[in-house]
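When the letters of the sequence shown are read in order and numbered with the numbering used here, they come out as residues 529 to 662. Virtual Cβ for every residue (Gly too), placed ideally from N, Cα, C. Fair warning: this is a prediction, and the values are worked out from it, not measured in the lab.
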Amino acid sequence: METYVTERITTAGILKKDDLYFVAKREDKGSIGGLWEFPGGKNRWGESEEETLKREFLEELNLAIEVGPLLHTHDFTNKGTLYHQKAYLVYCNRIQEPSLSVHTTYRWVKAEELLSLHFAPSDQRIIATLLKHP
Numbered sequence: 529m530e531t532y533v534t535e536r537i538t539t540a541g542i543l544k545k546d547d548l549y550f551v552a553k554r555e556d557k558g559s560i561g562g563l564w565e566f567p568g569g570k571n572r573w574g575e576s577e578e579e580t581l582k583r584e585f586l587e588e589l590n591l592a593i594e595v596g597p598l599l600h601t602h603d604f605t606n607k608g609t610l611y612h613q614k615a616y617l618v619y620c621n622r623i624q625e626p627s628l629s630v631h632t633t634y635r636w637v638k639a640e641e642l643l644s645l646h647f648a649p650s651d652q653r654i655i656a657t658l659l660k661h662p
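In structure tokens form, the structure reads like this:
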């Protein structure tokens, strides 16, 4: 069994409007630069997963959200760190034009369109779950 120096929780928010999913494309920086993702981010120490998602959506998109049920979870490694990926359904009562700070663009797409976008590897497993249970 492999031992990891660090373990972290990372979150993804699945924002859905009717039959469309909100996705955003990262700036061309970092390990997932230029790739599409479900917004979210790494959990800070002492922060709940729900608090992480609310903070990340505000910081990255200027959207205030509420967090719903857990839809998907899986583990992956990146640079010697074991990540526990948690994807939650999120809600936004007032969906306005997001302010992009770490993304270059965003889209609302149907479930089958998710397959045509180049997603971060960790989010590709979330897509598989969404396609099974839209």
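Could you tell me the distance, in whole angstroms, from the CA atom of residue i to the CA atom of residue j?
{"i": "E587", "j": "W564", "result": "18 angstroms"}
{"i": "T605", "j": "E577", "result": "19 angstroms"}
{"i": "E575", "j": "L643", "result": "32 angstroms"}
{"i": "G568", "j": "H646", "result": "17 angstroms"}
{"i": "A639", "j": "L658", "result": "7 angstroms"}
{"i": "W636", "j": "R572", "result": "28 angstroms"}
{"i": "S627", "j": "R583", "result": "14 angstroms"}
{"i": "N621", "j": "K544", "result": "11 angstroms"}
{"i": "I623", "j": "L589", "result": "11 angstroms"}
{"i": "D547", "j": "G608", "result": "37 angstroms"}
{"i": "V618", "j": "T601", "result": "15 angstroms"}
{"i": "Y634", "j": "A552", "result": "4 angstroms"}
{"i": "Y549", "j": "T534", "result": "32 angstroms"}
{"i": "I560", "j": "D651", "result": "11 angstroms"}
{"i": "L591", "j": "L581", "result": "11 angstroms"}
{"i": "R554", "j": "F585", "result": "14 angstroms"}
{"i": "K614", "j": "H661", "result": "16 angstroms"}
{"i": "E594", "j": "Y616", "result": "10 angstroms"}
{"i": "E579", "j": "S629", "result": "19 angstroms"}
{"i": "P649", "j": "D603", "result": "12 angstroms"}
{"i": "G562", "j": "H631", "result": "9 angstroms"}
{"i": "K570", "j": "E641", "result": "26 angstroms"}
{"i": "P597", "j": "D556", "result": "31 angstroms"}
{"i": "L599", "j": "F566", "result": "13 angstroms"}
{"i": "L610", "j": "G558", "result": "18 angstroms"}
May I ask you to list the residues that DSSP assigns as paired with residue i?
{"i": "L610", "result": "E535, T605"}
{"i": "A570", "result": "Here residue 570 is Lys; the residue named in the question, Ala, does not match the sequence. For K570, which the question treats as bridged, DSSP gives the partners T538."}
{"i": "F647", "result": "W564"}
{"i": "K582", "result": "Partner(s): none; K582 has no beta bridge."}
{"i": "L617", "result": "I542"}
Please look up how many angstroms separate the CB atoms of residue i and residue j, rounded, as I've assumed it's under 8 angstroms.
{"i": "I537", "j": "H612", "result": "5 angstroms"}
{"i": "I655", "j": "A540", "result": "The Cβ separation is near 10 angstroms, so there is no contact."}
(message) Quick check for students: name the residue ranges of the beta strand (DSSP E) that lie wholly in the stretch 540-567, counting only runs of 3 or more.
(response) The stretch 540-567 contains these whole beta strand (DSSP E) runs: 548-554.
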